[in-house]
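Chains as they are written, first to last, in the working numbering: chain A, 75 to 383; chain B, 106 to 297. Take a look at the structure below.
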Amino acid sequence: MRKKTAVVILAVIIIISLTVLSFSGVSINKRNAESDKIAVIYVDGVIIGGRGQSSLLGEYGGTDYIIKQLHAARDDRSVKAILLRINSPGGSAPASQEVGEEIKKVRAAGKIVVTSMGDVAASGGYWLAACSDKIYANPSTLTGSIGVYMPYTNWEELYKKIGVRQEKIKSGPHKDIMSPERSMTDEERAIIQTMVDDMYNQFVEIVAEGRKMDKAKVRQLADGRIYTGNQAKSLGLVDELGNMYDAIDGTIELAGIKGKPEIKEYGKNNPWAMLLGANDKLEILNKLFLKPIENELPITAPLAIPEKW
Amino acid sequence: MGTILDDIYDVIFSPRTALREIAARRELLSACIVFLLSVFIPMWAVFLGLQMGEKSNSLGFIMVFQVIGSIAVWVVGTAIWHLCAELLGGRGSAVGLMTALGFSHFPRIFIVPLWVLATLMPAGISPFFIGISGFIILVWTLSLEVLAISGAYDISRTKAVIVFLAPVLLVIAAVVGLIFMAGSALIQLPLG
Chain A
75 MRKKTAVVIL AVIIIISLTV LSFSGVSINK RNAESDKIAV IYVDGVIIGG RGQSSLLGEY
135 GGTDYIIKQL HAARDDRSVK AILLRINSPG GSAPASQEVG EEIKKVRAAG KIVVTSMGDV
195 AASGGYWLAA CSDKIYANPS TLTGSIGVYM PYTNWEELYK KIGVRQEKIK SGPHKDIMSP
255 ERSMTDEERA IIQTMVDDMY NQFVEIVAEG RKMDKAKVRQ LADGRIYTGN QAKSLGLVDE
315 LGNMYDAIDG TIELAGIKGK PEIKEYGKNN PWAMLLGAND KLEILNKLFL KPIENELPIT
375 APLAIPEKW
Chain B
106 MGTILDDIYD VIFSPRTALR EIAARRELLS ACIVFLLSVF IPMWAVFLGL QMGEKSNSLG
166 FIMVFQVIGS IAVWVVGTAI WHLCAELLGG RGSAVGLMTA LGFSHFPRIF IVPLWVLATL
226 MPAGISPFFI GISGFIILVW TLSLEVLAIS GAYDISRTKA VIVFLAPVLL VIAAVVGLIF
286 MAGSALIQLP LG
């Protein structure tokens, strides 16, 4: 009987402990999480919509992943501000737009969003930056490239030389617009130009709204050229010159954080992700050895992508 | 039900005798109940404790890994330790060992109240408290597993430790052997 009583008491202690854990909301991490945090979200490489690579332990690349990180930072009450570390030549207009809109929503939810530009934050990269509260850039950062283009290659002459002739049965006259085996008609060129102009106007509006500039002034700057961080600062496209740590200091000040906040980096690669996240061994080797040596980042990327860029 | 409660008490306070008797009785159903409670309850507590502060992508993976790993170690471990024990002269049954091993996981359940205690401690101390108490529970569980082997095959504790470590030692020996073989093969390859 004594034995049974002892075990029953033990069972009661365990049930009470489980109840405390379930309903009181007390946890070791939660108490650690009470200190103010600044979330750092990295936007690296060409901005492309979609999921990117999925693996057993998470997702990598693609705007869906960036948006998930923004949502996680927004929902974490201990995160007082978000620092976007952008190192991107741009990407597609819809992808940049959807991330930009989410940045605006995060700001509307009460979180400060500050941008720190790395080597490059041009075109779509600048689109995201324009949606944030404050922009920091290094004096030699390449930024700007406010504009849109759709790349199109005409292989017609080559196809004639090698004897390739493509036949098509079309549902409409413009279904094969921008096909590489023929020249565009004037009407098609006008259609594409209208689309590019529409996207350009949307980009101009974002910059004008984000930077609180007159649209005419933005149009004057937005002829597609790139600027250094220094030039961008003098033109009002950037707020402050400084590196990521200056941006963190600025974020602390802007968010009114007292004391030293914890920096919480989102999307960091861990050893499990390195082992299970990459598609194959070559990708791991590429990540480990080749990426630091070669710099394949283009200066700017097209903001409208009709096919795989 | 009464027997399970008595067995649990005895496993905590007089483990050597208790595990020998449990192995002899071979009540596998009781062992299954104790084992599953010992795995799921602490896991649930750890999950509750971790998920509220910080959502982690790998948390679910770790939990699933923990359950599958524990069951695999229980079942596969029984088979391997049974073979090792018989090779070292032990006489007993695999079912008896499996039953005793099921009960030997019980100390894991103490993680639950200890976790709650840790949450009440100052932020700087609680991780150390969890770490130390987790280590003590691990050592306790491993000691009970050794006693389970000793009791199930009626062998000395020294022999039981050898049986317990034999699979690990065999794996290490196999890895070292493979490294030597791979090294020899590489030396044979022509350069250039």
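Just so you know, even glycine gets a beta-carbon here, dropped at the ideal spot from N, CA and C. This structure is a prediction, so every number in the text was calculated from the model and none was measured.
Following the continuous beta strand (DSSP E) through residue i, name the residue where it begins and the one where it ends.
i                 : result
ASP118 of chain A : 111-118
LEU193 of chain B : Element bounds for LEU193 of chain B: n/a, residue is neither H nor E.
LEU311 of chain A : Counting along the chain, LEU311 of chain A falls outside any beta strand (DSSP E), and DSSP gives it neither H nor E.
LYS338 of chain A : 336-339
For residue i, count the other beta carbons within 10 Å of its own beta carbon; 16 or more makes it buried, fewer makes it exposed. Which is it?
i                 : result
PRO227 of chain B : exposed
VAL279 of chain A : It is worth fixing the name first, because residue 279 of chain A is Glu in this sequence and not Val. Exposed, since its Cβ has fewer than 16 Cβ neighbours within 10 Å.
ASN275 of chain A : exposed
THR93 of chain A  : exposed
ILE113 of chain B : buried
PRO120 of chain B : buried
ASP150 of chain A : buried
ALA182 of chain A : exposed
TRP201 of chain A : buried
ASP288 of chain A : exposed
VAL276 of chain B : exposed
HIS210 of chain B : buried
MET286 of chain B : exposed
ARG285 of chain A : buried
LEU362 of chain A : For LEU362 of chain A, the pLDDT reaches just 44, beneath the cut-off of 50, and the residue's location in the model is therefore unreliable, leaving the point undetermined.
LYS307 of chain A : buried
LYS461 of chain A : Here chain A comprises residues numbered 75 to 383, so residue 461 of chain A is not present and cannot be evaluated.
LEU144 of chain A : buried
GLU176 of chain A : buried
SER96 of chain A  : exposed
LEU270 of chain B : exposed
ALA123 of chain B : buried
VAL86 of chain A  : exposed
MET75 of chain A  : exposed
Starting from residue i, follow its DSSP beta bridges and name the residues at the other end.
i                 : result
LEU142 of chain B : Answer is none; LEU142 of chain B lacks a bridge partner.
SER190 of chain A : A:ARG159, A:TYR210
TYR301 of chain A : A:THR217
ALA196 of chain A : A:GLY218
ILE251 of chain A : Looking at the DSSP assignment, ILE251 of chain A forms no beta bridge with any residue, so it has no partner.
ILE216 of chain B : In the DSSP output, where bridge partners are listed per residue, ILE216 of chain B has none listed.
ILE83 of chain A  : Beta-bridge pairing links ILE83 of chain A to no other residue.
ILE121 of chain A : A:GLY165
VAL153 of chain A : A:LYS111
Thinking residue i and residue j are a contact (beta carbons under 8 Å), I'd like their distance in whole angstroms, please.
i                 : j                 : result
GLY256 of chain B : ARG125 of chain B : 3 Å
LEU157 of chain A : ALA329 of chain A : Not confirmed; about 10 Å, so no contact.
MET273 of chain A : ALA167 of chain A : 5 Å
TRP98 of chain B  : ILE254 of chain B : Coverage of chain B is limited to positions 106 through 297, which leaves residue 98 of chain B absent and any answer about it impossible.
VAL169 of chain B : TRP220 of chain B : Their Cβ separation, rounded to whole angstroms, is 20 Å, which puts VAL169 of chain B and TRP220 of chain B out of contact at 8 Å.
VAL81 of chain A  : LEU134 of chain B : About 18 Å; that fails the 8 Å criterion.
VAL114 of chain A : LYS338 of chain A : 7 Å
ALA146 of chain A : ILE112 of chain A : Not really, about 14 Å apart at Cβ, beyond 8 Å.
GLY192 of chain A : ILE160 of chain A : 6 Å
ILE265 of chain A : ILE251 of chain A : 7 Å
GLY165 of chain A : GLY198 of chain A : 4 Å
ASN215 of chain A : THR302 of chain A : The question names Asn, yet the displayed sequence has Thr at residue 215 of chain A. Sure, about 7 Å apart at Cβ, within 8 Å.
TYR210 of chain A : THR227 of chain A : 37 Å between Cβ atoms; not a contact.
ILE121 of chain A : GLY218 of chain A : 16 Å between Cβ atoms; not a contact.
Terminal residues of the continuous alpha helix (DSSP H) containing residue i?
i                 : result
LYS289 of chain A : 289-295
ASP320 of chain A : 318-329
VAL228 of chain A : In the sequence as presented, Val is not what sits at residue 228 of chain A; that position holds Asn. From DSSP, ASN228 of chain A is part of no alpha helix (DSSP H); its letter is neither H nor E.
GLU250 of chain B : 231-258
GLN267 of chain A : 260-285
ILE127 of chain B : 120-130
Next on the checklist: Can you pull out the residues from the region 239-271 of chain B whose beta carbon lies closer than 8 Å to at least one beta carbon of chain A?
Outcome noted: Cβ contacts with chain A come from no residue of the region 239-271 of chain B.
Checklist entry - What are the residues of the region 207-218 of chain B that lie near chain E, defined by any Cβ-Cβ distance shorter than 8 Å? => result Although the question refers to chain E, the structure presented lacks it and instead comprises the protein chains A and B.
Next on the checklist: Against chain A, which members of the region 113-144 of chain B pass a CB distance test of less than 8 Å?
Outcome noted: With the criterion set as a beta carbon lying under 8 Å from some beta carbon of chain A, the members of the region 113-144 of chain B are ILE113, TYR114, ASP115, in sequence order.
Checklist entry - Taking Cβ-Cβ distances below 7 Å as the criterion, which residues of the region 85-97 of chain A are in contact with chain B? => result Within the region 85-97 of chain A, the qualifying residues are ILE87, ILE88, SER91, LEU92, VAL94, LEU95, SER96.
Next on the checklist: Under 8 Å, CB to CB, which of the residues in the region 169-194 of chain B have a partner in chain A?
Outcome noted: Contact annotation: in the region 169-194 of chain B, no residue has its CB less than 8 Å from a CB in chain A.
Item to check | Members of the region 188-203 of chain A near chain B, C-beta cut-off 8 Å | outcome: In summary, no residue of the region 188-203 of chain A has a CB separated from any CB of chain B by less than 8 Å.
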